[in-house]
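Student: Residue numbers (the numbering used here), protein chains in the order written: chain P, 637 to 1296; chain E, 128 to 605; chain A, 6 to 210. One structure coming up, written as structure tokens, with questions to follow.
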Amino acid sequence: MEKIYLAIAFTPLIGAIIAGFAGARIGRAGAHWVTSVGVGISALLSIYVLLGFISGDRQTFNGTVYHWMVSDGITFEVGFLVDTLTALMMSVVTFVSLCVHVYTIGYMSHDEENWPGGSLAGTNSYQRFFSYISLFTFSMLMLVMSNNFLQLFFGWEAVGLVSYLLIGFWSVRESAIFANLKAFLVNRVGDFGFLLGIAAVAMYFNSISYVDVFAKAPELADTQIQICGVSLSLMSVICILLFIGAMGKSAQVPLHVWLPDSMEGPTPISALIHAATMVTAGIFMVARMSPLYELSETALSFVLIIGATTAFFTGLIGIVQNDIKRVVAYSTLSQLGYMTVALGASAYAAGIFHLMTHAFFKALLFLAAGSVIIAMHHDQDIRNMGGLKKYMPITYWTSLIGTLALIGFPGMSGFFSKDSIIEAVHHSSIPGSGYAYLMVILGVFVTALYSFRMFFLVFHGKERMDEHTRHHLQESPRVVTVPLILLAIPSVFIGAMTVGGVVFGDWFQGVIYVAPQHDVVGELAKGYHGVLGFIMHGLFGLPTFLAAAGFGTAYYIYMKNPDIADRIKGSAALLHKLLDKKYFFDELYQFLFAGGSRGLGNALWKGGDRVLIDGMVVNGSARMVGVLAAFIRHLQTGYLYHYAFAMILGLLALLALFVI
Amino acid sequence: MQFEASSLIPVLPEIFILSVACFVLVVDLFMEDRQRIISYFLTQAGLLVAVLVTLGVSQPEAQVVFDGSYVRDGMSDALKIGIYLISFVAFLYAKDYLRERDLFKGEYFVLGLFAVLGMMVMVSAYSFLTAYLGLELLSLSLYAMVAFDRDSKAGSEAAMKYFVLGAIASGMLLYGISMIYGATGSIEFEKVAAALTGTGMENKVLVFGLVFVVIGLAFKLGAVPFHMWMPDVYHGAPVTVTLFLGSAPKLAAFALAMRLLVDGLGPLHADWQGMLVVLAVLSMALGNVIAIAQTNIKRMLAYSTISHVGFILLGILAGTSEGYSASMFYTIVYAITSLGGFGIVILLSRQGFEAENLEDYKGLHERSPWFAAMMMLLMFSMAGVPPTVGFWAKLFVLDAVVSVDLVWVALVGVFFSIIGAFYYIRIVKLMYFDKPEAGELVTAGMDTRVVLSINGALMLVLGLFPAGLLALCARAIG
Amino acid sequence: MTFEKFLFYVFSAILVFAATMVITRRNPVHSALFLVLAFFTSSILWMLLEAEFLAIVLVLVYVGAVMVLFLFVVMMLDIDQAAMRAGFIKMLPVGLLVAGIMAVEMFLVVGPKYFGLDKYAMPAPHPADYSNTEELGNVLYTIYMYPVEIASVILLVGIIAAIGLTLRRRPDNKRIDPALQVQVKKGPDRIRVVKMPAEKKMEAK
């Protein structure tokens, strides 16, 4: 039983090691074969495990793989906890990863053009890329399969590392370096909170194993702790700290600023890491910690409000972006906001469900965008596109599916997940749920607006590209289109197929804990009468009308009457400026944090480091040790009788000290 | 008193190694110089078979035979196997070096095997007499090995110093043992310990004897101020002997300390703890500081050994079973690390050239990136940088000391290991950031390369997965 | 004071005197001879403790074998006595000081305070027919079999080490190879008649 889990987690690692260290020897084909086959095996086994859970043959597994150490009564180990939640995540991660591996073969086939001639970093970049994405798959699997906080943290940091490496993959580009540094620093803020949260768990629970912590949580539910004289609920502190980590990784306001910039990385990465899997780690983590979150209404409220804010306001930004990948990135931010809202409303199942459907359709949208980018010779500005429909039919139709799924067209996968979230928030009574409901319901309109704006600008209307590009426009090769089709299938059907089981059924029975007073999904389940009923109900619901309105607006502005867009831009210049500058978050952070800490650093460096530390402590002590050493070495004279005499002196000293 | 043949079973490993040693001695007489390799292979095969023999006679519970002179328990089995394997690797590294210098003689391996036998006797000693005899057997073999290169003046001088100082230390040890015998009326550990539990602490004679015993041990381990022989001997001896001297006998010395202080004089823990604190603190301080001023890598590693001995003592002085197993872990890790470190020195030495000076390591990365990486791992492990295993070793002994409320000793340890990190990392700096002076490539046999690579990689592997070795040590201490 | 005690003090005094002379005599032969004296007196002290076997072994082995060998070596070597003595006077005060402290420390512990008869009862004297040698013989190869075996291995190592470190075949050395000697056959191998003129004529320069 354990072996299959080991195989799932470690085959991608083996692939990554081979492609990474022996990349030059095995060549390009060797690298993509070894990693794709590794992830393929992992994906097949994951789906096998998932099917086992669906049929009920497979039981929850919780076991230690490697016992690392025991310190102060806390056991540190590598272990797997595989239950329905994990199995779902594993399947999603490995499936999307497999699609991305295949897609990358096509996308990166001309990677050498992205490097300046003779660049050392460009050597074997193709193999390195494959090594990274396989390593990412391994890290992500370790994260979701973990049965303890330490391994969770390891996976958390490892996916962060790979994300950092991949955002800056084209390390010769100034903007890529800036973006990966930014992602790294912003994630530090989140990870600091996360680490504090884990430390608090270790301190008060005296264990870092999920099972122990969850079992002990109810006992500590009412514990108050004193921080700087303020009495706080332990559970709220732990949950909010952990959620700060999730805010960094899952890009929630105000730690969302890194995600749009991460689009500097190659497109497959945006699909895999910055849309489908890594950014959802925060969502997964909160769902996994549901037994803790349920004990703190404060934390849930916090989660809800942050999520709702993210969902609406980042969606607005998407309307004014012109880079095709950035539009999708802001859409990702907004959808992550939806998932977070679901968590805050205690509708964990709905959140995870949206995570799953989103993984498919957002990976699809990104890969489709990548396909467009390939055709456009790496021009990403949608103002230069238009009318691509006739050149790229497969990309067009799959994009349409992705877009419909994203806006929640009834019957598509996104419809089920988004509707359940909106309904859940509607039923929730946690403080802030009114605000959240308003935000998510308006978000539906915004989503439809920016999605179709992009869709129309790219695939319909005038062909605005230059003559040379138009001449070369063609559908992407099969390694690119096959993953698109593969992802399009679940984007359409996965929602209808699984909504009954995952959200309203007992799929997460015993895995996700919801306190009775928060059980909004249970409320919804009472009104759930099969998929068709859900669609019929949704068809006449407010969200569908809003989505239709969004579609209509987009159609009117960008298809019928393109001048309106400019006129609106002119008349609402201030608003446009605000959105275009993304609420000035970047400027604020750069001025306040980046500038401030550099100023502080400079001051400390000049005052503290160079004078005090370097001058006195480091160099001073080094000099002193040097002088001391040079002196003492003369004691080693080489004369036998000196040595013997030293022994006698030692004897005398010991006798005098301990006997007399 | 009846003799039972079955009581010979636990002693089979010793009997086996003795037989191999005598066999090699005799076979070697009838061989031409070019067939000398047969002695080498016989020795190595003997060591490997000894592992099987030891595993074969191993049992969960301890056995005491020969009327309380000999014990076979978990610790003795584990350490003996460690000694065989480390000696095996030490001989393997030595082979090519000795052949190039016309030192490839049967006596080298015979003496080595007798040294192994001496270590085994120490590891399994259960009376002061056996412990002392094992120590002498080991020392005598080592004296001869240090002087093995008869044309080297430094070697002869080192052997002379080692011999005379060793004799003084043995004399002190014997004097201490005689005091303890006088006070307790026995030389068997079990009876001594039993007698001590009765008498209590007020008997000064015991403490008086204890001081001498501790000094004997401190000399063997090389703790300050009984360390003076180490730099000269490490420096003067052929590097293959230094390698052997610096690795396996440390396990035996650890075992000797455990047998004498814990098994024999355990009830006097409060007394010897203080003495070991003094020795440990002095060793960590002096070893690390003087090592910085060295330009010869053999001398530098000698001082580094002195500082590591300080750490080994930390675990023992804690006096808890966690401390003992931490100490054992440290000793094993140190022996493996030191094996690798000197292995690199041997690797880089060629006919007529000893890679003894720090300058010889300049730009190693350009000459041989792989072994530069191995050396870096080894140096990091010695310095205690995570994720190498040296970090865990230090962490565990420090943890043991802290848990008995000797926080200041732990702080001293940390402080001096920071100072010590300087000279380890200096080598890394020389290898990676300086331009090479000599252009020659590494010219070692495939066996050395492979084993040395494993040795270096082990630093990282054990660093990532320390639990196995740790569990082994914990089980051995029981 | 009993007669035994009197003997003890007399021989102890001689022993201390002889030991001092060993390290202070200029002539190494004198030193060696004083060492012989020291051995003799300590052997007598053992005799007083009824350890007859040890006493005899001490005389036989150390005086009879070791010291004789030692004397040969000392007489054969040309030792530069002046070099040996250099620094003796300079170091003497420090040496005396350390020795003094050591003596005080040892006296404080190994005195009657801790080793008195009240702490350790005097062992009962053995009957006249008690054989020290027999007792030793009884335990040496039974209870102490293991240590004795190890001791024998140590001796073996000593032999190997001594031979290994000293035996060397120099090509310019004139040496006899017995193996070749016995293979010599009768006839021309064994004896060769060489004709030589009884007197060589002086050649004119």
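Idealized CB from N, CA, C, for every residue including glycine.
Using a beta-carbon distance below 8 Å, is P:Val1295 in contact with chain A?
Tutor: Your numbering for residue 1295 of chain P matches position 659 in the first sequence. Answer yes: the Cβ-Cβ gap between P:Val1295 and chain A drops below 8 Å somewhere.
Student: Any Cβ of chain P within less than 8 Å of the Cβ of E:Leu292?
Tutor: By one-based count along the second sequence, residue 292 of chain E stands at place 165. At least one chain P Cβ lies under 8 Å of E:Leu292.
Student: From P:Ala917 to P:Gly1186, what distance separates their C-alpha atoms?
Tutor: On the first sequence, residue 917 of chain P is found 281 positions in, with the first residue counted as 1. On the first sequence, residue 1186 of chain P is found 550 positions in, with the first residue counted as 1. Cα-Cα distance, rounded: 30 Å.
Student: Closer than 9 Å between beta carbons: that is the criterion. Which residues of the segment 286 to 316 of chain E meet it against chain P?
Tutor: Taking 9 Å as the Cβ-Cβ cut-off against chain P, the residues of the segment 286 to 316 of chain E that qualify are Met287, Lys288, Val291, Leu292, Ile295, Ala296, Met299.
Student: For P:Ala851 and chain A, any beta-carbon pair shorter than 8 Å?
Tutor: Against the first sequence, residue 851 of chain P aligns to sequence position 215. Not one chain A Cβ lies under 8 Å of P:Ala851.
Student: Taking C-alpha atoms, which residue in P:Met1075, P:Asp1055, P:Val1080, P:Leu1042 lies nearest to P:Phe1091?
Tutor: Translated into the one-based positions of the first sequence, residue 1091 of chain P becomes position 455. Answer by Cα proximity: P:Leu1042.
Student: Going by the beta-carbon positions, is the gap between P:Ser678 and P:Thr773 smaller than 8 Å?
Tutor: Walking along the first sequence from the start, residue 678 of chain P turns up at place 42. Walking along the first sequence from the start, residue 773 of chain P turns up at place 137. For P:Ser678 and P:Thr773, yes; Cβs fall inside 8 Å.
Student: Using CA coordinates, which residue listed in P:Asp1017, P:Gly1022, P:Lys998, P:Glu933 is at the minimum distance from P:Gly980?
Tutor: For the purposes of this step, residue 980 of chain P is identified with residue 344 of the first sequence, where counting begins at 1. Ranking P:Asp1017, P:Gly1022, P:Lys998, P:Glu933 by Cα distance to P:Gly980 puts P:Glu933 first.
Student: If we count the other Cβ atoms within 10 Å of its Cβ and call it buried at 16 or more, is A:Val199 buried or exposed?
Tutor: As a first step, residue 199 of chain A must be located in the third sequence, where it is residue number 194. Exposed, by the Cβ-count rule.
Student: Ordered along the chain, which non-local residues of its own chain (more than five positions away) have a Cβ less than 8 Å from that of P:Ser807?
Tutor: Start at 1 with the first residue of the first sequence, and residue 807 of chain P comes out as number 171. Ala757, Ile813, listed in sequence order.
Student: Of all Cβ atoms in chain A, is any one closer than 8 Å to the Cβ of E:Thr369?
Tutor: Residue numbering aside, residue 369 of chain E sits at position 242 when the second sequence is read from its first letter. No - not a single Cβ of chain A is within 8 Å of the one on E:Thr369.
Student: Per DSSP, P:His703 forms a beta bridge with which residues?
Tutor: The sequence position of residue 703 of chain P within the first sequence is 67, counting from 1. P:His703 pairs with P:Glu713.
Student: Rounded to the nearest angstrom, what separates E:Asp200 and E:Ser283 at their Cα positions?
Tutor: The residue labelled residue 200 of chain E in the question sits at position 73 within the second sequence. The residue labelled residue 283 of chain E in the question sits at position 156 within the second sequence. For E:Asp200 and E:Ser283, the distance between alpha carbons rounds to 38 Å.
Student: Using 10 angstroms around the beta-carbon of P:Tyr1277, count the other beta-carbons present and answer buried if the total reaches 16, otherwise exposed.
Tutor: Here residue 1277 of chain P refers to the residue found at position 641 when the first sequence is read from its first residue. Exposed, because fewer than 16 other Cβ atoms sit within 10 Å of the Cβ of P:Tyr1277.
Student: What are the complete alpha helix (DSSP H) segments, minimum 4 residues, inside the segment 1165 to 1242 of chain P?
Tutor: Counting only runs of 4 or more, we get 1166 to 1175, 1178 to 1190, 1199 to 1207, 1209 to 1216, 1221 to 1225, 1232 to 1240.
Student: Counting pairs of beta carbons, one from the segment 1078 to 1095 of chain P and one from the segment 968 to 980 of chain P, are three or more of them closer than 8 Å?
Tutor: Output reads yes: the segment 968 to 980 of chain P touches the segment 1078 to 1095 of chain P.
Student: Looking at P:Gln787: is its Cβ nearer than 8 Å to the Cβ of P:Gly715?
Tutor: In the first sequence, counting from the first residue as 1, residue 787 of chain P sits at position 151. In the first sequence, counting from the first residue as 1, residue 715 of chain P sits at position 79. Yes, these two residues count as a Cβ contact at 8 Å.
Student: Show which residues of chain P have a CB atom less than 8 Å away from the CB atom of E:Asp574.
Tutor: The count along the second sequence starts at 1 and reaches residue 574 of chain E at position 447. Within chain P, no residue comes near E:Asp574; the closest Cβ sits about 24 Å away, beyond 8 Å.
Student: With DSSP as the reference, label E:Ser254 as helix, strand or coil.
Tutor: Indexing the second sequence from 1 puts residue 254 of chain E at position 127. Three-state result, E:Ser254: strand.
Student: In the DSSP output, which residue or residues are listed as bridge partners for E:Val198?
Tutor: For the purposes of this step, residue 198 of chain E is taken as residue 71 along the second sequence, with counting starting at 1. Paired residue(s): E:Val191.
Student: With DSSP collapsed to three states, give me the class of P:Leu788.
Tutor: Mapped onto the first sequence, residue 788 of chain P falls at position 152. Of the three classes helix, strand and coil, the one that applies to P:Leu788 here is helix, per DSSP.
Student: Under 7 Å, CB to CB, which of the residues in the segment 144 to 158 of chain A have a partner in chain E?
Tutor: Per Cβ criterion, the list reads Thr147, Ile148, Met150, Tyr151, Pro152, Ile155, Ala156, Val158.
Student: How many whole angstroms separate the CB atoms of A:Leu160 and E:Ala274, which I take to be in contact at a CB cut-off of 8 Å?
Tutor: Along the third sequence, read from residue 1 onward, the residue named residue 160 of chain A stands at position 155. Along the second sequence, read from residue 1 onward, the residue named residue 274 of chain E stands at position 147. That pair is no contact at about 19 Å.
Student: Counting only C-beta atoms, is A:Ile106 closer than 8 Å to chain D at any point?
Tutor: Looking for chain D here will not work: the only protein chains present are P, E and A.
Student: Assign E:Leu392 to one of three DSSP states: helix, strand, or coil.
Tutor: On the second sequence, residue 392 of chain E is found 265 positions in, with the first residue counted as 1. Three-state DSSP puts E:Leu392 in coil, outside helix and strand.
Student: At least one CB of chain A closer than 8 Å to the CB of E:Thr181: is that the case?
Tutor: The count along the second sequence starts at 1 and reaches residue 181 of chain E at position 54. No, no contact with chain A.
Student: Within the 8 Å Cβ cut-off, does A:Arg31 reach chain E?
Tutor: Translated into the one-based positions of the third sequence, residue 31 of chain A becomes position 26. With 8 Å as the cut-off, A:Arg31 does not count as an interface residue toward chain E.
Student: So, is P:Ala1208 buried or exposed, given that buried needs 16 or more other C-beta atoms within 10 angstroms?
Tutor: Here residue 1208 of chain P corresponds to residue number 572 of the first sequence, with the count starting at 1. Exposed.
Student: Nearest chain P C-beta to A:Glu140 closer than 8 Å, yes or no?
Tutor: As a working mapping, residue 140 of chain A is identified with position 135 in the third sequence. For A:Glu140, the answer is no, since every Cβ of chain P falls outside 8 Å of its Cβ.
Student: Quick one: Cα of P:Ala655 to Cα of P:Ser767, how far?
Tutor: Indexing the first sequence from 1 puts residue 655 of chain P at position 19. Indexing the first sequence from 1 puts residue 767 of chain P at position 131. P:Ala655 and P:Ser767: Cα-Cα distance of roughly 5 Å.
Student: Just to confirm my understanding: we take P:Val1061, look at its own chain, exclude 5 residues before and 5 after, and list those with CB closer than 7 Å. What are they?
Tutor: Here residue 1061 of chain P is taken as the residue at index 425 of the first sequence, counted from 1. The answer, listed in chain order, is Val977, Ala981, Ser1069, Ala1072, Tyr1073, Val1076.
Student: Starting from the beta carbon of A:Val114, find every residue of chain P whose beta carbon is closer than 7 Å, and list them in chain order.
Tutor: Within the third sequence, numbered from 1, the residue matching residue 114 of chain A stands at position 109. The contacting residues are Val1295.
Student: Taking beta-carbon pairs under 9 Å, can you tell me which members of the segment 1278 to 1290 of chain P lie near chain A?
Tutor: Result list: Phe1281, Ile1284, Leu1285, Leu1287, Leu1288.
Student: Closer than 9 Å, Cβ to Cβ, to anything on chain E: give me those residues from the segment 29 to 56 of chain A, in chain order.
Tutor: Those residues of the segment 29 to 56 of chain A that come within reach of chain E (Cβ to Cβ, closer than 9 Å) do not exist; the list is empty.
Student: What residues are listed by DSSP as bridge partners for P:Ser867?
Tutor: Here residue 867 of chain P corresponds to residue number 231 of the first sequence, with the count starting at 1. Note: P:Ser867 sits in a beta bridge opposite P:Gln862.
Student: Going by other Cβ atoms of all chains shown within 10 Å of its Cβ, with 16 needed for buried, is P:Lys818 buried or exposed?
Tutor: Reading the first sequence from its first residue, position 182 is the one you call residue 818 of chain P. Buried.
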